[in-house]
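In order, the protein sequences belong to chains A and B. If you're matching positions, the first sequence starts at 1 in UniProt numbering and goes up one per residue. If you're matching positions, the second sequence starts at 1 in UniProt numbering and goes up one per residue. Where a beta carbon is used, it is the ideal one built from N, C-alpha and C, also for glycine. Note that the structure is predicted; figures quoted are calculated from it, not measured.
2 protein chains.
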Amino acid sequence: MILAVETATTGFLLARLGAEARRRWSRMLAEHELAPHHFAVLMSLDTAGPAHQQRVSDMIGVDPRNTVALVDLLHRRGLVARGVDAADRRRTVLSLTGPGAELLGRLREQVETVEAAMLAGLPEPDRRALHDLLSRLAATV
Amino acid sequence: MILAVETATTGFLLARLGAEARRRWSRMLAEHELAPHHFAVLMSLDTAGPAHQQRVSDMIGVDPRNTVALVDLLHRRGLVARGVDAADRRRTVLSLTGPGAELLGRLREQVETVEAAMLAGLPEPDRRALHDLLSRLAATV
DNA sequence: TATTGTTATACTCTATAACTATA
DNA sequence: TATAGTTATAGAGTATAACAATA
Chain A
1 MILAVETATT GFLLARLGAE ARRRWSRMLA EHELAPHHFA VLMSLDTAGP AHQQRVSDMI
61 GVDPRNTVAL VDLLHRRGLV ARGVDAADRR RTVLSLTGPG AELLGRLREQ VETVEAAMLA
121 GLPEPDRRAL HDLLSRLAAT V
Chain B
1 MILAVETATT GFLLARLGAE ARRRWSRMLA EHELAPHHFA VLMSLDTAGP AHQQRVSDMI
61 GVDPRNTVAL VDLLHRRGLV ARGVDAADRR RTVLSLTGPG AELLGRLREQ VETVEAAMLA
121 GLPEPDRRAL HDLLSRLAAT V
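The structure is reproduced here in structure tokens:
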């Protein structure tokens, strides 16, 4: 894959490689009849613990109105539970169910395999450096 | 914007930040009635010089069939020229027109402003390191 | 009055299938 | 037979507007 690397901006490279990562996730997750965003919801709940729907939306970068359908599907499949926050009854508290956590574990392995293939062209120290830089940028954006 | 940074994979961070970069590009380019991919086509032609449509597709990561409409719009606006490759008449050679190059120059400035804002949370040496790592990864994927 | 979640909807982006013209 | 470009179209993803319940 040849890219306009010489004059490409950082944002362009992020968008370009992000789309590629998404495509690879997509193909893998399709076997489980899930989209990348569904996996992102599961992953964010595993990281943050039970969280309000809006918090989840922020974490995965999906607008709250588009998060509704994502959660609906996961809820129908029994992978996440919906609860009402007693302190603020407007809020829905999402949490991983047992089956949700179990599936997430298996998905994570497959995702790591797919990503390893995509990042294989970069030596290990550089892969770690890239991950670190992306994490720090993500925390500020 | 809080992110599931701790357990996020590199691919997730790429997709997440790539989508954010695309959103910011989008808002800026909308003033010129262009989409991110249109700008990417202009940028790739500026980098590679006259190029076959399929080469452009590879560079910007858009499927050739979806590139057709992108080029149609740019061609209608007189920003890119379509020519036929004499050596292989199946091929369309795309090139920047004068107005295309002129508009690209102005767009590039605005894009750089938008991206600077997104990357502001990262110190300059890290921004350079990130750009370098992304470039090298892009060359291998 | 502001915020959380929600619906309906329109729009954009991406992918599946198949055609044409050249090679 | 294979490849470059194209069309049509369905599906997935995203954004605009507005609403009900609660704060």
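Short check: CB of residue i to CB of residue j, under 8 Å?
i	j	result
Ser95 of chain B	Pro50 of chain B	yes
Ser57 of chain A	Thr67 of chain A	yes
Leu107 of chain A	Phe39 of chain A	yes
Leu29 of chain B	Gly18 of chain A	no
Arg136 of chain A	Leu137 of chain B	no
His52 of chain B	Val93 of chain B	yes
Arg76 of chain B	Asp85 of chain B	no
Glu31 of chain A	Val141 of chain B	no
Leu34 of chain A	Leu14 of chain B	no
His37 of chain B	Val62 of chain B	yes
Can you tell me the Cβ-Cβ gap for residue i and residue j, rounded? I've got them flagged as a contact below 8 Å.
i	j	result
Leu119 of chain B	Thr10 of chain A	6 Å
Thr97 of chain B	Gly78 of chain B	6 Å
Val111 of chain A	Trp25 of chain A	7 Å
Ala129 of chain A	Ala129 of chain B	7 Å
Could you tell me if the beta carbon of residue i falls within a distance shorter than 7 Å of some heavy atom in the ligand ZN?
i	result
Asp132 of chain B	Absence of the ligand ZN is noted for the structure shown, with no ligands found whatsoever.
**Message:** Quick check on the DSSP output: what are the complete alpha helix (DSSP H) runs of length 4 or more inside the UniProt domain "HTH marR-type" (7-139) of chain B, in order along the chain?
**Reply:** Taking 4 residues as the minimum length, the alpha helix (DSSP H) runs contained wholly in the UniProt domain "HTH marR-type" (7-139) of chain B are 10-30, 36-48, 53-60, 64-76, 98-119, in order along the chain.
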